[in-house]
Amino acid sequence: MARLLDNLKQEHQDMEKLLCALERQLALFDEGKPIDYEIVEAIVDYSFAYPDLCHHPVEDAIYEIVRQRNPDALDPRVDLEAEHKRLAELTNKFSSLVKAVLQETPTPRDWFDKTARDYIDFTRHHMEMEEKYFFPAAASALSDADWRLLEARVDSQQDPLFSPRVQDRFKRLRDDILAWEQSAEATGQRSNA
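And the structure:
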């Protein structure tokens, strides 16, 4: 399988870790406990810094070549452009709400919770759709030459959170994810993240 697809799948696994971190914060929120808005803000910042700017453009480039080379390989349920647009809208909505809370703007708890859960649910739906329909179509429709062309065309930027050199603004989030994974391993729980 093409290296680009392997990278995209790994990035989906990493994104799942972020969604689990956000769910842990929402569980505190639902219990009426304070949540760590620094972690929540870092999750939103990461979504803008990497998936929106690096991950999705790679998928879009692959999608475009599949559409040119073998449009019949694409499942009609896959509208990557619309999915990425919807995901960007949900990310922007959630980001605006997080900023409002951080600026101490009165925000209904149920609205915050629903907006966060809409973001989580759609992100998971989106990744599942890609892995079930889009990635297999790309793997079968594109030749080795197509993959080499794509690798030459796309920017390979270092992930600011999941690479060995974590950017400062994401260190607390990374620590939270690692601590949770270690705790899950120590207690024998199977980690979803």
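The numbers in our numbering rise by one with no breaks, and the one at position 122 of the sequence shown is 124.
A virtual CB, placed ideally from N, CA and C, is assigned to each residue, including glycine.
- Per DSSP, T107 lies in no alpha helix (DSSP H) and is assigned neither H nor E.
- Its chain contains no residue whose beta carbon lies nearer than 6 Å to that of E25 once the 5 sequence neighbours on both sides are disregarded.
- Our two residues, D62 and Q105, have alpha carbons roughly 35 Å apart in a direct line.
- Contact between the region 119 to 137 and the region 9 to 22 is established, with three or more Cβ pairs separated by less than 8 Å.
- Within its own chain, the residues whose Cβ lies closer than 7 Å to the Cβ of L92, once the five positions on either side in sequence are excluded, are D120, Y121, F124, listed in chain order.
- Under the three-state reduction of DSSP output, A181 falls in the helix class.
- The three-state reading of DSSP puts R79 in coil, since its state is none of H, G, I, E or B.
- Closest by C-alpha distance to L76, out of L175, S142, D170, H127, is S142.
- Y39 counts as exposed, since fewer than 16 other beta carbons sit within 10 angstroms of its beta carbon.
- Nearest neighbour of V103 by Cα position, chosen from A118, L89, A90, turns out to be A118.
- Residue environment analysis places A140 among the buried positions, since at least 16 neighbouring C-beta atoms fall within 10 angstroms of its C-beta.
- The beta carbon of R155 sits closer than 7 Å to those of A63, all from its chain and outside the five residues before and after it, given in chain order.
- By the Cβ rule, the region 39 to 49 counts as touching the region 16 to 31, because three or more pairs are nearer than 8 Å.
- C-alpha of K35 to C-alpha of D112: approximately 14 Å in a straight line.
- Residue environment: S158 is assigned as exposed (fewer than 16 neighbouring CB atoms within 10 Å of its CB, all protein chains considered).
- Taking one beta carbon from each stretch, the region 162 to 179 and the region 48 to 59 have 3 or more pairs nearer than 8 Å; the two touch.
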